[in-house]
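Participant: If you're matching positions, the sequence shown starts at 374 in my numbering and goes up one per residue. Glycine included, C-beta positions come from ideal geometry on N, C-alpha and C.
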Amino acid sequence: MKELLMGNEAAALGALAAGVQVAAGYPGTPSTEVLETLAGRSTGGLHAEWSVNEKAAMEVAAGASYAGARTLVTMKQVGLNVASDPLMCVNYVGIKGGMVVYVADDPGPISSQTEQDTRRFAAYAKVPVFDCTSPEEAFEMIQEAYTYSEKYGTPVILRSTTRICHSCAVVDVPELTAPGRAEGFIKDSRRWVIFPRLSYENKKKLVAREKVLSDDFSSYGRNEIIGNGPYGIACGGVSFAYVKEAILGKEDLFTVFKVCTPYPFPESMARKFLSGVGKTAVFEELDPVIEDCLISLSGTLEHRMEIAGKRTESVPCAGELSAAAVGLALSEIFGTDTLIQPRSCEEQPPVPVRPPVLCAGCPHRASFYAVKKAAAGMKANFCGDIGCYTLGNAAPLDMVDTCLCMGAGVTAAQGIGHAEPDTVNFSFIGDSTFFASGITGVVNAVYNKADIILIVLDNSTTAMTGHQPHPGTGITLMGDVTETVSIEAVLKGIGVGFAETVDPLDLKKAVETVKRAIDQTGVRAVIFKSPCIAIVKHDKPLIINADQCIGCRKCIRELGCPAMSMDGKHAAIDTSLCTGCGLCRQVCPTGCIGKEEAR
Ligand code: SF4
Ligand code: SF4
Numbered sequence: 374m375k376e377l378l379m380g381n382e383a384a385a386l387g388a389l390a391a392g393v394q395v396a397a398g399y400p401g402t403p404s405t406e407v408l409e410t411l412a413g414r415s416t417g418g419l420h421a422e423w424s425v426n427e428k429a430a431m432e433v434a435a436g437a438s439y440a441g442a443r444t445l446v447t448m449k450q451v452g453l454n455v456a457s458d459p460l461m462c463v464n465y466v467g468i469k470g471g472m473v474v475y476v477a478d479d480p481g482p483i484s485s486q487t488e489q490d491t492r493r494f495a496a497y498a499k500v501p502v503f504d505c506t507s508p509e510e511a512f513e514m515i516q517e518a519y520t521y522s523e524k525y526g527t528p529v530i531l532r533s534t535t536r537i538c539h540s541c542a543v544v545d546v547p548e549l550t551a552p553g554r555a556e557g558f559i560k561d562s563r564r565w566v567i568f569p570r571l572s573y574e575n576k577k578k579l580v581a582r583e584k585v586l587s588d589d590f591s592s593y594g595r596n597e598i599i600g601n602g603p604y605g606i607a608c609g610g611v612s613f614a615y616v617k618e619a620i621l622g623k624e625d626l627f628t629v630f631k632v633c634t635p636y637p638f639p640e641s642m643a644r645k646f647l648s649g650v651g652k653t654a655v656f657e658e659l660d661p662v663i664e665d666c667l668i669s670l671s672g673t674l675e676h677r678m679e680i681a682g683k684r685t686e687s688v689p690c691a692g693e694l695s696a697a698a699v700g701l702a703l704s705e706i707f708g709t710d711t712l713i714q715p716r717s718c719e720e721q722p723p724v725p726v727r728p729p730v731l732c733a734g735c736p737h738r739a740s741f742y743a744v745k746k747a748a749a750g751m752k753a754n755f756c757g758d759i760g761c762y763t764l765g766n767a768a769p770l771d772m773v774d775t776c777l778c779m780g781a782g783v784t785a786a787q788g789i790g791h792a793e794p795d796t797v798n799f800s801f802i803g804d805s806t807f808f809a810s811g812i813t814g815v816v817n818a819v820y821n822k823a824d825i826i827l828i829v830l831d832n833s834t835t836a837m838t839g840h841q842p843h844p845g846t847g848i849t850l851m852g853d854v855t856e857t858v859s860i861e862a863v864l865k866g867i868g869v870g871f872a873e874t875v876d877p878l879d880l881k882k883a884v885e886t887v888k889r890a891i892d893q894t895g896v897r898a899v900i901f902k903s904p905c906i907a908i909v910k911h912d913k914p915l916i917i918n919a920d921q922c923i924g925c926r927k928c929i930r931e932l933g934c935p936a937m938s939m940d941g942k943h944a945a946i947d948t949s950l951c952t953g954c955g956l957c958r959q960v961c962p963t964g965c966i967g968k969e970e971a972r
C-alpha cells in the first residue's frame with residue numbers, strides 16, 4: 374500500500390519488512406521517529422526499547438544478533454560516540470543475525486553540539502556505511518543493508534541526514550508480517566569472546582574485507598554513474614537530490630556519480646567515472662569524504678584530474694547544502710547556466726517569532742530561579758547539560774555557564790571545583806540525561822571527594838526529543854508499565870548523603886532546600902520534580918490586577934517568562950500562553966497577580 378512517510382518512518386518500515394526482531398536506541402533529533410514507528414507499526418515478534426543510552430542499545434542489539442536475530446540500533450550522530458565502545462569491538466567480533474546501526478547526522482547543526490560525520494566514523498571503525506539519498510531509498514536500502522550485514526558477518530551503518538529523516542515521500546509498503554524466532558545463541562567462545570589473539574586474526578580479515586566490499590559495492594545498484602556529459606559531479610546523501618534539481622534541463626552537460634556507500638568506497642566504479650570526465654565537482658554535506666576518496670584515487674591515474682569541492686573552497690565547508698547552493702557552485706566551477714532563482718514566498722504568512730527560551734510555565738525556570746536566589750552573592754559556577762534546560766542560559770536567568778556533552782555538567786563541575794576550591798559549583802542535569810550518563814559522574818564525585826551540588830531537573834520525560842519515556846517514568850517504549858527507578862534512591866544508594874526532592878514551583882521551599890545544600894560539603898543533590906508543561910493538564914492562567922501593579926517589572930526582569938510583557942505602565946499576562954504555574958505570583962512584591970475569580 375502506498376503511504377506518505379517521513380524518511381525515519383520509511384527506514385523503520387523497511388526494517389520491519391526485513392524482519393527486524395530486536396531494536397534499541399536512545400532518542401536524539403533527527404533520529405527519534407525510527408524507534409517510535411517500529412514500536413507503533415510492529416505486528417508482533419519485535420522487542421523494541423528505549424535503552425538508557427546508545428552504548429546500552431548497541432550492546433543489547435549485539436547480544437540479540439549473536440543469537441541470530443536481525444537487529445536495529447538507532448541514534449543521532451553524537452550518540453555514536455557513546456556507542457563507540459561496543460561498536461569498535463563488535464566490528465572485530467562480528468555478528469550472526471543482520472545488524473543495522475541507523476545513525477542520523479545533523480548538518481547545520483540544527484539540534485546538536487557538532488557537525489560530526491558518521492561516514493568518517495564508519496571508516497574509522499571499518500564498518501560498511503550506506504548513505505541514503507531519499508526517504509524512498511531509506512526504505513529499500515535498510516533491507517539491502519541487512520543482506521550485506523549477514524553476507525559479511527558485520528554490523529553495517531545506515532546513515533541519514535536531517536533533510537531525509539524529516540522530509541516525506543510516497544513509499545509502497547508491503548503488508549508487514551511478524552518475523553519468526555531467531556535461531557538462538559550457539560556457544561563458541563573462540564568466536565564470541567574478544568581475546569587479543571582473536572582480534573589480531575580478525576583485524577587481518579577486516580582489512581582484507583575492505584577491498585572485497587569495495588569491489589562488491591562497485592556493482593551495488595544504488596551506486597550509479599548517470600549521464601555522459603563532459604562535466605563530472607560526484608555526490609552522496611541528500612546532495613544527490615540537490616544536484617538533480619540544479620541540473621534539471623541541462624543533464625546533457627554532466628556525468629553524475631551517485632555514491633551510496635562512501636565506505637568502503639566503490640573504487641573501480643569511481644575509476645570508470647573519473648576516466649570519462651575532465652573536471653569534477655563534489656557535493657556532500659559535512660566532511661569531504663567522497664572528495665578525499667576521489668583526490669586519493671586521482672593520484673593513481675595517468676591523467677591529471679581537477680576536483681573541486683570543500684578542499685578548494687568551491688563548496689561551503691559547514692552547514693547544509695541546497696539546490697541553490699549547488700547550482701551556484703556549478704556555475705562558478707564550470708561556467709554553466711545553473712543558477713537557481715529563489716522562489717517567491719510572498720504569499721506565505723510571516724513565521725511567528727519564537728526566541729529560544731524556556732516555555733511559559735516551564736518548571737525549569739523555577740528551578741534555575743531558586744538556585745539563583747539561594748546562591749546570590751556567592752562565587753558560584755553553573756554547569757549545564759544537554760536538554761531543553763540548556764535554554765537556562767538565556768537572559769534573565771543566565772544560569773548555564775558550561776555545556777559540553779551528555780552528562781558532562783556533573784563532571785565539569787567537579788573539575789572546576791578541584792581547580793578552584795573557593796567556588797560553589799552547581800551541576801544541572803535532566804532526568805533522562807541523569808539515567809543516560811549522569812550516574813557514573815556522580816559516582817566519580819562521591820569516590821573522589823568532590824564538592825558539588827547536583828541539581829536534577831526532573832520533569833518526568835525526555836522533553837527535548839518529543840517526550841519519550843525513561844527509567845524514571847515507569848513506562849516502556851512499548852507502553853508497558855514497569856519498575857520506576859527513583860533518582861533520589863539511586864543517589865542515596867551511591868553515597869550521596871544529602872539528596873532531597875522538592876517541587877520547584879514552591880519557591881520558598883525550593884530556595885530554602887538549595888540553601889541547606891550549600892551549607893553542607895561534599896556531594897549534595899536537590900531533585901526538582903515537576904512535570905513538563907507539555908505533558909500535564911494546565912492550570913487556569915493567572916491575570917494581573919492593573920490597579921495594584923506598580924510597574925516595577927520585577928516579574929519580567931527576573932523570570933523571563935514569555936507569557937509576561939509590559940502593557941504601558943503595567944505588566945500583563947498573555948493568557949493564551951500562561952499555564953498558571955504561579956511562579957510570578959511568588960515573585961511579585963504587591964500581590965497583584967492571581968486567578969481571575971480571586972479578583
Ligand atoms: S503563572 Fe506567571 S510565570 Fe507561570 S506561566 Fe503564567 S505568567 Fe508565566
Ligand atoms: S512584579 Fe508585580 S507589581 Fe511588579 S510589574 Fe510585575 S506584576 Fe506589576
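1) Just to confirm, does I966 get its C-beta within under 8 Å of one of the non-hydrogen atoms of ligand 1?
2) Could you tell me which residues DSSP puts in a beta bridge with H791?
3) If you follow the alpha helix (DSSP H) that L579 is in, where does it begin and where does it stop?
4) Does A391 get closer than 9 Å to chain C when you measure Cβ to Cβ?
5) Taking 8 Å as the limit between beta carbons, can you name the residues of its chain near S424, skipping five residues before and five after?
6) Using 10 angstroms around the beta-carbon of L411, count the other beta-carbons present and answer buried if the total reaches 16, otherwise exposed.
7) Within 10 angstroms of its Cβ, does I828 collect 16 or more other Cβ (buried), or is it exposed?
8) Considering only the alpha carbon of each residue, which of S592, G417, P877 and G526 lies closest to A440?
9) Quick one: any contact between the region 621-632 and the region 482-498, if contact means 3 or more CB pairs under 8 Å?
10) Under 7 Å Cβ to Cβ from F558, same chain only, skipping five residues before and after it: list those, please.
11) Say yes only if the C-beta of R727 is nearer than 8 Å to one or more non-hydrogen atoms of ligand 3, and no if none qualify.
12) Please give the ranges of any beta strand (DSSP E) in the region 609-674, keeping only runs that are unbroken, at least 3 residues long and fully inside the region.
13) Could you tell me which of S949, T963 and D912 sits nearest to C928, measuring between CA atoms?
14) If you run the structure through DSSP and keep just helix, strand and coil, what is A781?
15) Give every residue of the same chain whose Cβ lies closer than 6 Å to the Cβ of A753, excluding the five residues on either side of it in the sequence, and list them in chain order.
16) Determine the contact status of T506 and A614, defining contact as a CB-CB distance below 9 Å.
17) Given this structure, state the Cα-to-Cα distance separating G600 from D589, to the nearest angstrom.
18) Enumerate, from N- to C-terminal direction, the unbroken alpha helix (DSSP H) stretches of 4 or more residues contained entirely within the region 943-970.
19) Excluding the five sequence neighbours on either side, which residues of its own chain have a C-beta within less than 6 Å of the C-beta of N575, listed in chain order?
20) Kindly examine ligand 1 and report whether one of its heavy atoms sits closer than 8 Å to the Cβ of T527.
21) Between M642 and K652, what straight-line distance do the alpha-carbon atoms span, to the nearest angstrom?
22) Does the region 940-948 come into contact with the region 779-786, if we say contact requires no fewer than three beta-carbon pairs (one atom in each stretch) closer than 8 Å?
23) Take every Cβ of the region 879-893, pair it with every Cβ of the region 929-943, and state whether three or more of those distances are shorter than 8 Å.
24) Near L880, what residues of its chain come up, given a Cβ to Cβ distance below 7 Å and the 5 sequence neighbours on each side ignored?
25) With a CB to CB cut of under 7 Å and the five nearest residues on each side skipped, what residues in its chain are close to M374?
26) Does the distance between the C-beta of G953 and the nearest non-hydrogen atom of ligand 1 fall short of 8 Å?
27) Please classify G866 as buried or exposed, where buried requires at least 16 neighbouring CB atoms within 10 angstroms.
28) Where does D892 sit, in a helix, a strand or coil, going by DSSP?
29) CB of T948 to nearest heavy atom of ligand 2: below 8 Å?
30) Can you give me the start and stop residues for the alpha helix (DSSP H) that F707 sits inside?
31) Do you know whose CA, among G734, G757, S687 and V632, lies nearest V909's CA?
32) Rounded to whole angstroms, what is the Cα-Cα separation between A555 and Y519?
33) Using 8 Å as the cut-off, classify the Cβ of R926 as near or not near the heavy atoms of ligand 2, replying yes or no.
34) Between which two residues does the alpha helix (DSSP H) carrying H977 extend?
35) Taking just the CA atoms, how far does A619 sit from M837?
Facilitator: Judging by the given coordinates:
1) yes
2) The partner list for H791 (beta bridge, DSSP) is empty, contrary to what the question assumes.
3) P569 to S591
4) In the structure shown, chain C cannot be found, because there is only a single protein chain.
5) A397, G398, Y399, A430 and V433
6) buried
7) buried
8) G526
9) no
10) Y439 and A440
11) Here the bound small molecules are ligand 1 and ligand 2; ligand 3 is not part of this structure.
12) 627-631 and 652-656
13) T963
14) helix
15) V797
16) yes
17) 22 Å
18) 956-960
19) Y465
20) no
21) 16 Å
22) no
23) no
24) A739, A743, L956 and Q959
25) V546
26) yes
27) exposed
28) helix
29) no
30) A696 to F707
31) G734
32) 15 Å
33) yes
34) Missing from the structure shown is residue 977; the chain here goes from 374 to 972 and no further.
35) 35 Å
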